[in-house]
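*Asks:*
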Amino acid sequence: MKTKLKLLLFIFMSCMISQSLSAQEQQISNDHVVVLKRFVQRLNDPKLATDIILSQDLITSKKLDEDLQEYLLASIDEIRINVQSKDIKQLEYLSFAQAGRKETSDIDLEGIDPQQVYFVKYLKRFVFAAVIRDKKIASFTLVSKGNNKAHFVFY
Numbered sequence: 001m002k003t004k005l006k007l008l009l010f011i012f013m014s015c016m017i018s019q020s021l022s023a024q025e026q027q028i029s030n031d032h033v034v035v036l037k038r039f040v041q042r043l044n045d046p047k048l049a050t051d052i053i054l055s056q057d058l059i060t061s062k063k064l065d066e067d068l069q070e071y072l073l074a075s076i077d078e079i080r081i082n083v084q085s086k087d088i089k090q091l092e093y094l095s096f097a098q099a100g101r102k103e104t105s106d107i108d109l110e111g112i113d114p115q116q117v118y119f120v121k122y123l124k125r126f127v128f129a130a131v132i133r134d135k136k137i138a139s140f141t142l143v144s145k146g147n148n149k150a151h152f153v154f155y
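Residue numbers (the numbering used here): 1 to 155.
1) Considering Cα atoms alone, identify which of Lys136, Leu36, Lys149 is closest to valine 83.
2) Compute the beta-carbon to beta-carbon distance between leucine 142 and tyrosine 122, rounded to the nearest angstrom, for a pair I have assumed lies under 8 Å.
3) May I have the straight-line CA-CA distance separating isoleucine 88 from tyrosine 118, to the nearest angstrom?
4) For serine 105, does the three-state DSSP call read helix, strand or coil?
5) Per DSSP, what are the beta-bridge partners of isoleucine 137 in this structure?
6) Could you please give the first and the last residue of the uninterrupted alpha helix (DSSP H) stretch that includes serine 75?
7) By how many angstroms is the C-alpha of phenylalanine 96 removed from the C-alpha of aspartate 106?
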């Protein structure tokens, strides 16, 4: 009888821990989507200067050289034009797991936690991908690394 009670207690505790972890993962996912939606809304705001988006919404190394900063500003402007041409109410925000094999098979995460990777889609078409860390965009740049693979670049 004691063995059955211990087994039931173990099963109950396992279920509770599993539900708690699942709820934590869902909360993290929701937080990441909020960060991504805020980033898209700020990109869509023509009154907001690009350098403000760079400084407030993106994680960069402490000291960006001038060439790298100019490249990042141009990259933000490019993604900004792309976002502004869309009806942002129709954008979809998908986690790496939700995106499916077709979208993810050519991405080499190189140790990035897949729970930090999200995709923005518009009418079933890829707009951009992002890595989210510490409530900011850590990368939105996928670059070819050869062999039909791409990886994220961090600044």
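We treat Cβ as the ideally placed atom computed from N, Cα and C, and that holds for glycine.
Since the structure is predicted, the reported quantities are computational estimates derived from the model, not experimental observations.
*Replies:* According to the structure shown:
1) Your numbering for residue 83 matches position 83 in the sequence shown. Here the closest residue by C-alpha is Leu36.
2) The residue you call residue 142 lines up with position 142 of the sequence shown. The residue you call residue 122 lines up with position 122 of the sequence shown. So it is not a contact: roughly 17 Å between Cβ atoms.
3) For this step, residue 88 is matched to residue 88 along the sequence shown. For this step, residue 118 is matched to residue 118 along the sequence shown. So the alpha carbons of these two residues sit roughly 16 Å apart.
4) In the sequence shown, the residue the question calls residue 105 occupies position 105. Serine 105: coil per DSSP, three-state reduction.
5) The sequence position of residue 137 within the sequence shown is 137, counting from 1. For isoleucine 137, which the question treats as bridged, DSSP gives the partners Leu58, Ile132.
6) Along the sequence shown, one-based indexing puts residue 75 at 75. Here the alpha helix (DSSP H) through serine 75 covers 66-84.
7) Within the sequence shown, numbered from 1, the residue matching residue 106 stands at position 106. Within the sequence shown, numbered from 1, the residue matching residue 96 stands at position 96. Near 12 Å, if we compare the C-alpha coordinates of phenylalanine 96 and aspartate 106.
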